[in-house]
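In what follows, a single structure is set out as structure tokens and then discussed.
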Amino acid sequence: TLVNLLCRFYDVSKGSIFINGENINNYTLESLRENIGYVMQDVVIFDGNIYDNINYANKDVQKEQIETICKKLRLHDKIISFSEGYELNLNKNQDLFSLGEKQMINFARIMVENPSVVILDEITSSLSYENEELVKNAIKEITKDKICFIIAHRLTTIKSCNKILYMENGKILENGSHQELMDIKGKYYNLVKN
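Under the UniProt record's numbering, the first residue of the sequence shown carries the number 1, and numbering increases by one thereafter.
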């Protein structure tokens, strides 16, 4: 629900949502959504090659920039191991990439898009521990100088966030850093301990 409200898939019935001090209703839908990057649990792969998949939202980006981003996300070596390299048709060859690697392609797309707000929705829930570590490192790259919302049930995904909102039934019950929430020994603490 929170993500739907942030993206204005439907409007708030009570109260207001502000991003950087500005009511989101003051933005046009197009303007708001152009500034929000959304990565969900289900990996989205478009028909086309790897370049096309990554520069989907920003056709002006140079191939060298895409390759630099892929190096940061530890994708580059895998991609150039194929004879087609970045020209490999990704949709027809999805089985050549692990779920974690496909998620990295989604992250590369967000980095190329360069939105001011990033929403990461349950992105680690179906990943192995090894892939989760790769994703957590990618999150650090993606969220530099950005407002980021991470929706997660895996606590390891959110422990390093500077602010955690603990929600139940659509209400924020607690908020603070991981350590602050552990110190108050409330609902978040109970969730972590159980």
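Note that beta-carbon positions come from the ideal geometry of N, C-alpha and C, so glycine has one too.
Looking only at its own chain, which residues have a Cβ that is under 8 angstroms from the Cβ of residue 44, when we skip the five neighbours before and after it? Excluding five sequence positions before and after residue 44, the CB atoms of its chain that fall closer than 8 angstroms to its own CB belong to 106, given in chain order.
Inter-residue CB distance, residue 138 and residue 182 (contact presumed, cutoff 8 angstroms): Not confirmed; about 26 angstroms, so no contact.
What number of angstroms, rounded off, separates the C-alpha of residue 88 from the C-alpha of residue 171? Going by the C-alpha atoms only, they are around 45 angstroms apart.
Inter-residue spacing [alpha-carbon to alpha-carbon] between residue 102 and residue 142: A straight-line Cα-Cα distance of about 15 angstroms links residue 102 and residue 142.
State yes or no: is the beta carbon of residue 189 nearer than 8 angstroms to at least one beta carbon in chain B? Absent from the structure is chain B; it holds one protein chain and no more.
Would you check if there are 3 or more beta carbon pairs closer than 8 angstroms linking the stretch 107-123 to the stretch 45-61? With the cut-off at 8 angstroms, the stretch 107-123 and the stretch 45-61 touch.
Just how far apart, CA to CA, sit residue 10 and residue 24? When rounded, the separation of the alpha-carbon atoms in residue 10 and residue 24 is 12 angstroms.
Buried/exposed call for residue 15, threshold 16 Cβ in 10 Å: The C-beta of residue 15 has fewer than 16 other C-beta atoms within 10 Å across all chains shown, which makes the residue exposed.
Which of helix, strand or coil does DSSP assign to residue 85? Reduced to three states, the DSSP call for residue 85 is helix.
Given a cut-off of 8 angstroms, decide if residue 6 and residue 119 are closer than it, judged by their beta-carbon atoms. Taking a C-beta distance under 8 angstroms as the contact criterion, residue 119 and residue 6 qualify as a contact pair.
At which residues does the beta strand (DSSP E) containing residue 121 begin and terminate? First-last of the beta strand (DSSP E) with residue 121: 117-121.
CB-CB under 7 angstroms to residue 70, same chain, minus the five flanking residues each way: which ones, in chain order? Cβ within range, chain order: 76, 79 and 108.
Look at the alpha carbon of residue 149 and the alpha carbon of residue 117, and state the distance between them as a whole number of angstroms. Approximately 8 angstroms, taken between the alpha carbons.
Per DSSP, residue 40 is paired with what? Beta-bridge partners of residue 40 (DSSP): 121.
Helix, strand or coil, according to DSSP, for residue 149 in the structure here? The answer is strand: DSSP assigns residue 149 an E or B state.
Tell me whether residue 67 is buried or exposed, calling it buried when 16 or more other Cβ atoms sit within 10 Å of its Cβ. Residue 67 comes out buried.
Are the beta-carbon atoms of residue 160 and residue 41 separated by less than 8 angstroms? Their beta carbons are not under 8 angstroms apart, which means residue 160 does not touch residue 41 by this criterion.
On a Cα-Cα basis, can you pick out the residue from 194, 86 and 82 that is closest to residue 65? The shortest C-alpha separation from residue 65 is found at 86.
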